[in-house]
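Inspection log for the structure reproduced underneath, given as structure tokens.
Structure below.
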């Protein structure tokens, strides 16, 4: 796929160089809007308007939607009034609203001046919904039917109105704008009697969301129920728009990226990695780094408190990184698993006892195996092979017992904290590796020194 | 949403207790198959067959597909031959193949015995494709049209054959099974002249995959191009099936879970968390824990090598956890960002120089700010507040210079390793936090002791 794409790109840039515009156009019309947009992102800025004008009207609009804001702005600034008007006629209301949101004020003014009055009011309506809500990702272009229409009339209406609708495959039955039911085009087409009224075959157990439902919840519902589109209603169950599956997939991807960023100890970013400036990356990364660096003061204090123990048994220092590392990894394994299960709604807070019990048994298995292997490794490698005579059987035992207890505590903390976060309304992803590691670092040191105190008498 | 669901569940279990089956049925038929399956997962096993039999045929099949394998097996074992036959008639081929894959041998035999001959051969064909390929997630039930058919004939064919097809919204134009083009139901319905031959309005720049294309690539293509269905062809461009968007969304979710598990230092799991036994969790978690514990031998060896330096300046030990922790966090921020960008195809290997340059600038910003704050914190808190007189200005400088260099190196390693992994065909997710942290631990210690050697002369 990617290889084929690179070949096409090379061929196109050659045609462009040689100014073979007719041939270029012939190739472009066979391509998919996403691929054309990706190719346009790589060409010189001056050539962009020229290339864009090669595209037929509909393909041009579809490609425009897939482009990055900077390139969109560049194109709009170069458009004649008529070109802008044609583009606005081809765009769906939700894409037009997204465009208006991204452009600077003077460009927005020009866009709105050249949009049809209905389009202008649709854009204004869509922009009024808060970010991250169903209202902000929905479109107002859906097919509505009346309950008394026959199947034949309904199909006729779809054939007449469908061209401007984002989907015609799910139609909404309304009366006085109230949502009464929905009917799929499949059910309409497969209905044997054309005279059947729509209300007889429509589904009335409608699953809908309101304009203020969180967009992540909308996307999850669509993926759970395998819907092509989901109706959005206002507080009085009046139909205001639909969310289509392609927007839902995009939301799911963005939310996953956000989860991963938070789990990696960063603030969620607005832009893709390559588009972010070092300053923006810095601003997203520094808060957690700073916080975690400062909390490491505690680990330092613990080491200071047991300084005399370390001085008496210098060999103990060498195992601190291994203990903290294994503890951190054990904890992040559990936290990642639990955070993902929570995000997929596989886990609820009432499952906490089951989770704890499962983690205890897993941790004992992991801890015992690690401790046994570690004990043998220290004795065979560090003591016998490397000849470190400070390592006695007792020192070896202290390290491995501390390891066992650390793994157990790390897994419990790693599993419990994300669930607790969810219960009090925080994002569980915050309780991922960086945070868990900081806690486990301190815990593992305390355990280590306590065992050293008991068993080595220091 | 969830709240409403809990209320419904309580009402249903009350009806069940009071044996109000007619009322129960009336409620169930208004529910969505996913929700019914979720509810069935919570009821007593003995009641399951009874409840299932309350559902009308089609809803029963749709619910069955959403259930867990254990419950499916329980139901099948209790089915009469006739019930099993009815169920098999309602299932789509891809769902039937998934079922056969999950059931034990004796149940499979019974299933195949009661399937129609065409269904049996479809199942057998689907099972022949390797796991994780397009072939393994496709279905063979699509609408195919002939190029010479008129739009009217095509619509008629869809109305006649559509009931058994997984989607009728995208139709495939074939001749001698070769895929010539595709046409959406929207284009057919909106075509003004019913006598137009299908070949005149079909799209011929088809994007298709082969049966052996990786299912993750299939899902990504569908999400990128916003397709409802994607045709799957064999080596001779003969149409063999389609992948529908709901299966693609499921694949995207499963692959994301797998990415997160690998990034958390685990082997990918086959089952959900609550269904996994501690033994299975152990087997997925122990390999990386073991590997990383053993590699920590190197950090131990570095500390041993600089033992005399530590003995001369005991204060240095207390800052080891902070240095390693901040280094690990810096590295995992970069690796998570790069791994996600790679997985979304936002980054390619040729972007490596840009990535390195971006990370250097970000790392210098982060490193300088952290070092300055750390310097002040050590002097104000550790030296003046806690009165640790071993900390001289020179010791403070060693810690903060080591911190600056560690952050820089960690970010470079964190960003570069996933890209290198991708270049040599490994999964970039392997190069996530646990792995990066192990490398950065060793690097940060080396840097620390080198600075200590230079500046403190030990």
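Protein chains in written order, with this note's numbering: chain A, 1 to 458; chain B, 1001 to 1458.
Ideal Cβ placement from N, Cα and C applies to all residues, glycine included.
Sorry if obvious, but does the Cβ on residue 1283(B) come closer than 7 Å to a heavy atom of the ligand FAD?
As far as ligands go, the structure on display features none, and thus does not contain the ligand FAD.
For residue 317(A), which of helix, strand or coil comes out of DSSP?
Three-state DSSP puts residue 317(A) in a helix.
So, for residue 459(A): in the same chain, excluding its five sequence neighbours on each side, which residues have a beta-carbon less than 7 Å away from its beta-carbon?
Summary: the structure shown does not reach residue 459(A), with chain A confined to residues 1 through 458, and so no result is reported for it.
What three-state label does DSSP hand residue 457(A) in the structure shown?
coil
I'd like to know whether the C-beta of residue 1225(B) is nearer than 8 Å to at least one C-beta of chain A.
yes
I want to verify the contact list: residues of chain A whose CB lies under 8 Å from the CB of residue 1346(B), in sequence order.
272, 273 and 274
At a CB-CB cut-off below 9 Å, which residues of chain B make contact with residue 288(A)?
1329 and 1333
Can you find the residues in the same chain that come closer than 8 Å, C-beta to C-beta, to residue 342(A), ignoring five residues on each side of it along the sequence?
418, 419, 422 and 428
Would you mind telling me which residues of chain C sit closer than 7 Å to residue 278(A), beta carbon to beta carbon, in chain order?
Checking the listed chains, one finds no chain C in this structure; the protein chains it contains are A and B.
Could you tell me the distance, in whole angstroms, from the CA atom of residue 152(A) to the CA atom of residue 185(A)?
12 Å
Nearest chain B C-beta to residue 1(A) closer than 8 Å, yes or no?
Per-residue confidence for residue 1(A) stands at a pLDDT of 42, beneath the threshold of 50, marking its modelled position as unreliable; no derived number is given.
Does any residue of chain A have a CB that is nearer than 8 Å to the CB of residue 1300(B)?
Using beta-carbon distances, residue 1300(B) counts as an interface residue toward chain A, with a partner under 8 Å.
Within 10 angstroms of its Cβ, does residue 1029(B) collect 16 or more other Cβ (buried), or is it exposed?
exposed
Throw me the rounded Cβ distance for the residue 1335(B) and residue 1431(B) pair, which I believe falls under 8 Å.
So it is a contact: roughly 6 Å between Cβ atoms.
Compile a chain-ordered list of the residues in the stretch 1116–1129 of chain B whose CB is closer than 9 Å to at least one CB of chain A.
none
Euclidean distance between Cα positions of residue 143(A) and residue 242(A)
Each residue's alpha carbon lies about 10 Å from the other.
Chain-ordered neighbours of residue 374(A) on chain B, where CB pairs are closer than 8 Å
1293
Between the C-alpha atoms of residue 104(A) and residue 85(A), what's the straight-line distance to the nearest angstrom?
18 Å
Helix, strand or coil, according to DSSP, for residue 1214(B) in the structure here?
Residue 1214(B) falls in the strand class under three-state DSSP.
Please return the same chain residues whose Cβ sits closer than 8 Å to the Cβ of residue 245(A), not counting the five positions on each side in sequence.
Taken in chain order, the residues that qualify are 222, 227, 228 and 229.
In the structure shown, what three-state DSSP assignment does residue 1173(B) receive?
strand
With a threshold of 8 Å between beta carbons, is residue 428(A) in contact with chain B?
Cβ-Cβ to chain B under 8 Å: no for residue 428(A).
For residue 59(A), which residues of its own chain have a beta-carbon under 7 Å away from its beta-carbon, when the five flanking residues on both sides are left out?
Contacts found: 29 and 33.
At a Cβ threshold of 8 Å, is residue 1106(B) touching chain A?
no
Residues near residue 129(A) by beta carbon distance below 7 Å, same chain, minus five either side
135, 136 and 211
8 Å Cβ cutoff, residue 1260(B) in contact with chain A
It does: the Cβ of residue 1260(B) has a partner Cβ on chain A nearer than 8 Å.
Short of 8 Å Cβ to Cβ, which residues in the stretch 1170–1201 of chain B face chain A?
Going along the stretch 1170–1201 of chain B in chain order, one finds 1185, 1186, 1189 and 1190 with a Cβ nearer than 8 Å to chain A.
Looking at the unbroken beta strand (DSSP E) that takes in residue 1381(B), where does it start and where does it end?
Counting along the chain, residue 1381(B) falls outside any beta strand (DSSP E), and DSSP gives it neither H nor E.
Beta-carbon separation of residue 1182(B) and residue 1171(B) under 8 Å?
For residue 1182(B) and residue 1171(B), yes; Cβs fall inside 8 Å.
Just curious, the alpha helix (DSSP H) that residue 143(A) is in, first and last residue?
No alpha helix (DSSP H) holds residue 143(A); DSSP gives it neither H nor E.
Reduced DSSP secondary structure (H/G/I, E/B, other) of residue 1009(B)
Residue 1009(B) carries a helical assignment under DSSP once its states are collapsed to helix, strand and coil.
Per the contact definition of three or more C-beta pairs closer than 8 Å, is the stretch 367–383 of chain A in contact with the stretch 291–300 of chain A?
Result no; under three Cβ-Cβ pairs closer than 8 Å.
Residue 290(A) lies in the alpha helix (DSSP H); which residues open and close that run?
278–305
Closest Cβ-Cβ distance between residue 14(A) and chain B: below 8 Å?
no
Using a Cβ cut-off of 9 Å, pull out every chain B residue sitting near residue 434(A), in sequence order please.
1325, 1328, 1329, 1332, 1333 and 1433
Beta-carbon proximity list for residue 443(A), same chain, < 8 Å, skipping 5 on both sides
327, 406, 409, 410 and 413
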